[in-house]
Amino acid sequence: MPLPLIYHDDYSPEFPPDHRFPMDKFRLLRDHLVDSGLTTDAALLRPEICPNDILALAHDRAYIERYMNGELSREDQRRLGLPWSEALARRTVRAVGGSLLAAEQALQHGIACHLAGGTHHAHYDHPAGFCIFNDLAVISRYLLEAGRVHRVLIFDCDVHQGDGTARILHDTPEAITVSLHCEQNFPARKAQSDWDIPLPRGMHDGAYLKVVEDALNYLLPLYQPDLVLYDAGVDVHKDDALGYLQLTDAGLAARDEHVLRQCLGRDIPVVGVIGGGYSKDRQALARRHGILHHSAARVLGCAQ
């Protein structure tokens, strides 16, 4: 079985080219995965737009309406840091639909990867840090309420704490939030995840991978989740503009393979989302994000 990969052409709308958020990275990631022979454009699964009723499992309906109508307050617009447009609004709800489709595919096939997702700073009733709606929280609530799973574990390896996810799911004990993040980094005011693993600035591959390994060896047997949502942020990379950690490409690949192997080796379905990554060299950034998908294909090939 080929690795299920989820993507849509809506993911990279027209965007100011000098903006700090690399909106074209999703399209460039698709191009990289096709050019490297991992997939073809025709083989990519295209998601539907996430309906408001599903978004509202994790978000305030009034907030959803405000954002979709382009009526955010100036304060919310400042927290978000992205200029509003109809194309960006459509992209936003399409990408949540993509993470939902990836979760469905993972439950069916054991593993699936999204070419977007991981918007973990979005809160119940406001955006933050380039994140509008929180796909990790939406998936968790949706699958739990539908009875498709009894326990979800979110393993968030983005360099920034998953504060929005932690706050939205604070009262959902069946959704376990785990955040490995650089302690001295955004957000300044941290939330309380079920498991916060703060990391010092400057951490290199070996020490980082030991933390990942120890965390999984403890948490997966402890919770025995029915699904793992893995946020494979590449902003832990030494060349990332917003990171402060020192991982290499080889370190990222080792991390991704270890997480995916740990899950599949325990018969736990796993979804990979790409999380954060910020670099002016967009081609290098796309290749960096592609490490997740190439790692997943290797792990799946070995498991079959």
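The letter at position 247 of the sequence shown is residue 247 when you use the UniProt record's numbering, and the numbering goes up by one with no holes.
No residue lacks a Cβ here, since even glycine has one placed at the ideal position from N, Cα and C.
Quick caveat: nothing in here was measured; it's all calculated off a predicted structure.
- Within the model, the alpha-carbon separation for residue 92 versus residue 189 is close to 25 angstroms.
- Residue 86 has its alpha-carbon roughly 26 angstroms from the corresponding atom of residue 103.
- When rounded, the separation of the alpha-carbon atoms in residue 195 and residue 170 is 12 angstroms.
- The beta-carbon separation of residue 151 and residue 176, rounded to 7 angstroms, stays under the 8 angstroms limit for a contact.
- Comparing alpha carbon positions, the residue from 216, 33, 213, 82 closest to residue 288 is 33.
- Here the C-alpha atom of residue 277 lies approximately 30 angstroms from the C-alpha atom of residue 221.
- In the three-state DSSP reduction, residue 200 falls in the coil class, being neither helix nor strand.
- Exclusion of the five residues before and after residue 76 leaves 126, 127 as the residues of its chain whose Cβ lies within less than 7 angstroms of its Cβ.
- Secondary structure note for residue 272: its beta strand (DSSP E) is the uninterrupted segment 270-273.
- Residue ranges of uninterrupted alpha helix (DSSP H) with 4 or more members, entirely inside the stretch 156-225 and ordered along the chain, are 163-168, 205-223.
- Secondary structure of residue 291 (DSSP, three-state): helix.
- Annotation for residue 135: 96, 99, 117, 119 place their beta carbon closer than 6 angstroms to its own, counting only its chain and skipping 5 residues before and after.
- Under the DSSP assignment, residue 228 falls in the beta strand (DSSP E) whose first and last residues are 227-231.
- Taking residue 90 as the centre and dropping the five residues before and after it, the same chain places the C-beta of 10, 13, 49 closer than 8 angstroms to its C-beta, in chain order.
- For residue 41, the CB contacts under 8 angstroms within the same chain, skipping 5 residues up- and downstream, are 30, 34 in chain order.
- In the DSSP assignment, residue 114 forms a beta bridge with 6.
- The Cβ atoms of residue 232 and residue 272 lie closer than 9 angstroms to each other.
- The alpha-carbon separation between residue 285 and residue 146 amounts to approximately 36 angstroms.
- Under the 10 Å beta carbon count, residue 73 is surrounded by fewer than 16 other beta carbons and is classified as exposed.
- Per DSSP, residue 26 is one residue of the alpha helix (DSSP H) stretching across 25-35.
- Checking the DSSP bridge columns, you'll see residue 154 partnered with 177, 229.
- Residue environment analysis places residue 248 among the exposed positions, since fewer than 16 neighbouring C-beta atoms fall within 10 angstroms of its C-beta.
- Here the C-alpha atom of residue 225 lies approximately 14 angstroms from the C-alpha atom of residue 172.
- Look at residue 59 here: in three-state DSSP terms it is coil, with no helix or strand label.
- Burial check for residue 23: the Cβ neighbour count within 10 Å reaches 16 or more, so the residue is buried.
- In this structure, the alpha-carbon of residue 112 lies about 6 angstroms from that of residue 3.
- For residue 247, the pairing in a beta bridge is given by DSSP as 237.
- Going by DSSP, residue 74 is part of the alpha helix (DSSP H) stretching over 74-80.
- Counting of Cβ neighbours within 10 angstroms places residue 265 among the exposed residues, the total staying below 16.
- A distance of 9 angstroms or more separates the beta carbons of residue 166 and residue 269.
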